[in-house]
Each structure stands twice: as C-alpha cells, then as structure tokens.
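2 protein chains.
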Amino acid sequence: MGTLPSYAEDIDGGGSPSVSMLSEVAAARKITVVGGSIPERSSGQLFNTCCVIGPDGQIKAKHRKLHLFGIDIPGDITFRESDTFTAGQELTVVDTDMGRIGIGICHDIRFPELAMLYRSRGAHLICYPSAFNMSTGKLLWDLMQKSRAVDNQLFAATCSPARDTNSHSEYMIWGHSSLIGPFGEVLAAAGHEEATVIGEIDLSLIEAVRYNM
Amino acid sequence: MGTLPSYAEDIDGGGSPSVSMLSEVAAARKITVVGGSIPERSSGQLFNTCCVIGPDGQIKAKHRKLHLFGIDIPGDITFRESDTFTAGQELTVVDTDMGRIGIGICHDIRFPELAMLYRSRGAHLICYPSAFNMSTGKLLWDLMQKSRAVDNQLFAATCSPARDTNSHSEYMIWGHSSLIGPFGEVLAAAGHEEATVIGEIDLSLIEAVRYNM
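Laid out in structure tokens, this is it:
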C-alpha cells in the first residue's frame, strides 16, 4: 500500500489516464465499460474508485469503495486499507443498455446488505471489480458472489486482475473473473491468466426465478 | 400437503406425541434437542413448527416457520405451502448450554435478513430443520447454508429427513444434514441415509474470525 498514493488519479479534475483510456475504448467500441478500481485523489483524500463509462465515452457513474478491507492475524498478516483510503458513502446504481447495474468494489461483496439494497433499487446485475487474496479470495469469488446472485435473484459479476500484475504477488490469487446467474449458475469464468470471457445476460431469467419461486 | 392437517399436533395444549418423544429423549440424555418441524394446530390455524427442548425435558422455544415455500413452474410443478399453513411472526432465539441458537425452518434459510437479525441478537448457531426438494435443495443446504454462516460469522446447521420417509418421495432430496463453521467449512455432514453425525462447535472460532477480519 505504501506506493499507492503516488498512483492516485484526479478523476473529477480530468487528470486520470486510466479513465481516459477506458473512455477511448468505450467510445471507439460504443460499449459500456465498468472499469477496475484505481486510487482516486479528491480534496486531499484517497478513495478506491471504479468508473463506469458509457458508449459516448463519458463517465456515467463513479463508485467509491464502501467497505475498506482490514485483516489482522497476529504473527501472520496485518493490513488495514483504511490506513490509506477513505471509505465511500454512496451506493452506485447506473442504467445502461443491458440493464441497471449496481457497483461494489472487492470487499463490498462481503456485505449482503449492499446487494440487498441494489436489488431493492432495481439492479439486474451487480459488478464487483476485485482483487482476491489468499485468505478470503475463494470464499469471495465463489461462495459470496453466488449467494449475492441467488439471494437477490439477479446477476453478479467479479472482475479481478490476471497474473503478472506487479504488486502483492505472494499474497494474491490472480484472475477468477466470472459472471453468475440468478440460479447460482456460472455463465462465464476466467482462469488465472489474462483472458476475454463472454457471458450472456438474459434478463428474462430474473423474471422467471422471481415468478417461479 | 393434503393429509398434513390430519397429522397436526396441539403443542400448547400438551397433545403432541412428537414433543413428548423429544422431551423424553432430552431429559433422559440431559441434552438440548432442536426438533424437526411438525404441523402445529393452534386456534384453528396450522403452523410449520419446530420445538427446542431443554435438558430438563421442557420446551425452551417454539419456532413457527416465517417464510412459507411456494413454487410455480407452469407445466412442471405448482405448490403453495400457504394453502395449508399460516406463517409465523416471531424470531426465535434460545440460550442453551452450547451457546445462543437462532431457529429457522427450511425455506427460512433462503432469507439473508433473518440470519442477519439472528447475528445481531447474538446467535452463535442458526439451526434450520429442513426438507430439501429437487429444484432448490442443493442451493439451500450448500450455498445458502454456507453463506449464512460466512456472512454472519457464526455456525449454521441444517437437519433434513433421511431416505425412506414416506411422502413426496419423487420430489425430495433426502438427507444432507450438515454443520457449517464461520469460515464456510463443513464440520459434519450426513449422506442420504439415516445417520448420527457429530460436529464440534468451537465458539472461539467466531471470535477469531470477527477479530481477524
């Protein structure tokens, strides 16, 4: 975490190379892009932030991670994201061509109440840009992601960096981005390596499961 | 469901052979018993009810199923528990020698908010007497039970009738009673057949996971 502040970008001030890159791609392909998360500098604070870019290349929504991760296993590992970042205070729901998307970042997936709020606000899909660690990763991308989808009868996606990102490498589990459907079914999944995966989101499945059950 | 009313027992009035049997066993063994659920007749209504019996053989708590199951898959199966039963209105938390237990019955496991309420009321274990069906069984005893335990950092148990019970046999999945720990770990699990399974509940694991994470 020590070097993260030096990578922080000023999104609102327009000084964000990451957002510029996502914006170019979104506009060129005329697609909605839910970005990964970057350190955002704003009013002297740092946030862990994900931007959603519309097909016109403009920022449609910006989610600041609500639940900062902390772990303290004496003699093993101690890490407090709140030493560096400030927690966001707002839910993020964005309407797109494919439906209404709620955004959470990584540890936000750990909290069933966030997913329940997104369902109550009409979300069809919750996207959780993430980076999984060895101690809780498997629980998060598998159990938690599936239960958020099944409990709330909607789609849930995680996207996580593939192998060869250059930080925390001994502590991270790379990859495992996936898309889960409202029955808990795996619709698309990446392995550890960089990959493009395509999953179809059939919104009629949401209506079906909500009606049937 | 058609014949269920004829099996209904008057628990409050003392006319319950099932509770008498559980009471005898609890008193003889000096143990707490969380019973399965039976149709309870009370004031002209039927409830799906689970009794918790203390080591003295007395009823310590009585849970009436809160969330009645309903399924409607046109051309396949239609079933509405609410055609027969009235839903309970109360949470059930009971203090026992091993800790504080919250009770849910079967479809109650489907609702994360119930487990969250039990956690907020200090439960160490949630017991869900259940009977799993083919369409949702696997999701319930596996995904849902684990996520209730992990989300709320407590223990979760399901107990479900073994094979050879004589109703709904083509539609049910028998067995799969299990005990899950606060990390999502399977501490004990039965197969399809009648079995005695023993799992240890180490309450210090709850404190560990809540402190560590």
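Chains as they are written, first to last, in numbering that gives the first Met the number 0: chain S, 0 to 212; chain C, 0 to 212.
Glycine residues also receive a C-beta, built at the ideal position from the N, C-alpha and C atoms.
Only a predicted model underlies this, so the values are computations on that prediction, with no experimental measurement involved.
{"Item": "Any C-beta of chain S under 7 angstroms from that of C/Pro-111", "Value": "yes"}
{"Item": "Alpha-carbon to alpha-carbon, C/Leu-124 and S/Gly-101", "Value": "31 angstroms"}
{"Item": "The stretch 73-93 of chain C contacting the stretch 146-165 of chain C, beta-carbon criterion three pairs below 8 angstroms", "Value": "no"}
{"Item": "Neighbourhood of S/Ala-7 by C-beta distance below 6 angstroms, restricted to the same chain and skipping five residues each side", "Value": "Pro-38, Arg-40 and Leu-45"}
{"Item": "Selected residue, minimal CA-CA separation from C/Ala-189, among C/Phe-182, C/Pro-73, C/Ser-177 and C/Ile-205", "Value": "C/Ser-177"}
{"Item": "Closest Cα partner of C/Arg-118 within the set C/Ser-129, C/Gly-98, C/Ile-104 and C/Cys-105", "Value": "C/Gly-98"}
{"Item": "Stretch pair the stretch 16-26 of chain S + the stretch 65-75 of chain S: three plus CB contacts closer than 8 angstroms", "Value": "no"}
{"Item": "Closest residue to C/Thr-2 among C/Thr-83, C/Asp-150 and C/Lys-61 (Cα-Cα distance)", "Value": "C/Thr-83"}
{"Item": "Status (buried if at least 16 other CB within 10 Å, exposed otherwise) for C/Thr-195", "Value": "exposed"}
{"Item": "Cutoff 7 angstroms: S/Ile-179 Cβ touching any chain C Cβ", "Value": "no"}
{"Item": "Inter-residue spacing [alpha-carbon to alpha-carbon] between C/Leu-139 and C/Leu-113", "Value": "14 angstroms"}
{"Item": "Nearest to S/Pro-181 (by Cα), restricted to the options S/Tyr-210, S/Cys-50 and S/Asp-150", "Value": "S/Asp-150"}
{"Item": "Inter-residue CB distance, C/Lys-61 and C/Thr-48 (contact presumed, cutoff 8 angstroms)", "Value": "6 angstroms"}
{"Item": "Terminal residues of the alpha helix (DSSP H) in which C/Val-18 lies", "Value": "16-28"}
{"Item": "Under 8 angstroms by beta carbon: chain C residues contacting S/Asn-211", "Value": "Ile-70, Asp-71 and Ile-72"}
{"Item": "Test: S/Leu-3 CB closer than 7 angstroms to a CB of chain C", "Value": "no"}
{"Item": "Closer than 7 angstroms to chain S by CB, C/Ser-146", "Value": "yes"}
{"Item": "C/Gly-198 in three-state terms, based on DSSP", "Value": "coil"}
{"Item": "Min CB distance S/Leu-65 to chain C below 7 angstroms", "Value": "no"}
{"Item": "Where C/Gly-217 falls, given that 16 or more other Cβ within 10 Å makes a residue buried", "Value": "Any answer about residue 217 of chain C is impossible in this case: the structure gives chain C only from 0 up to 212."}
{"Item": "Under 8 angstroms by beta carbon: chain S residues contacting C/Gly-183", "Value": "Leu-138 and Leu-142"}
{"Item": "Beta-carbon contacts of C/Asp-107 that lie in its chain and below 8 angstroms, excluding the five residues immediately before and after", "Value": "Lys-64, Leu-65, His-66, Leu-113 and Tyr-127"}
{"Item": "Runs of beta strand (DSSP E) wholly within the stretch 87-167 of chain S (minimum 3 residues, chain order)", "Value": "92-95, 98-102, 124-128 and 154-158"}
{"Item": "Candidates S/Met-115, S/Gly-174 and S/Gly-121, of which the one nearest S/Asp-141 by Cα", "Value": "S/Gly-174"}
{"Item": "Any chain C beta carbon closer than 7 angstroms to S/Asp-107", "Value": "no"}
{"Item": "Proximal residues of chain C, C-beta to C-beta of S/Val-149 below 9 angstroms", "Value": "Arg-109, Leu-138, Leu-142, Met-143 and Ser-146"}
{"Item": "Chain C contact residues for S/Met-115, given Cβ-Cβ distances below 8 angstroms", "Value": "Pro-111 and Glu-112"}
{"Item": "Alpha-carbon to alpha-carbon, C/Ala-156 and C/Val-92", "Value": "14 angstroms"}
{"Item": "Span of the beta strand (DSSP E), counted from its first residue to its last, around S/Ser-36", "Value": "32-41"}
{"Item": "Selection from C/Gly-56, C/Val-51, C/Ala-130 and C/Leu-153 that minimises the alpha carbon distance to C/Arg-120", "Value": "C/Leu-153"}
{"Item": "C/Ile-72 and C/Phe-78 closer than 7 angstroms at C-beta", "Value": "no"}
{"Item": "Status (buried if at least 16 other CB within 10 Å, exposed otherwise) for S/Ile-179", "Value": "buried"}
{"Item": "C-alpha distance - S/Ile-104 paired with S/Ala-130, whole-angstrom precision", "Value": "9 angstroms"}
{"Item": "Limits of the beta strand (DSSP E) - the one that C/Ser-177 falls within", "Value": "177-179"}
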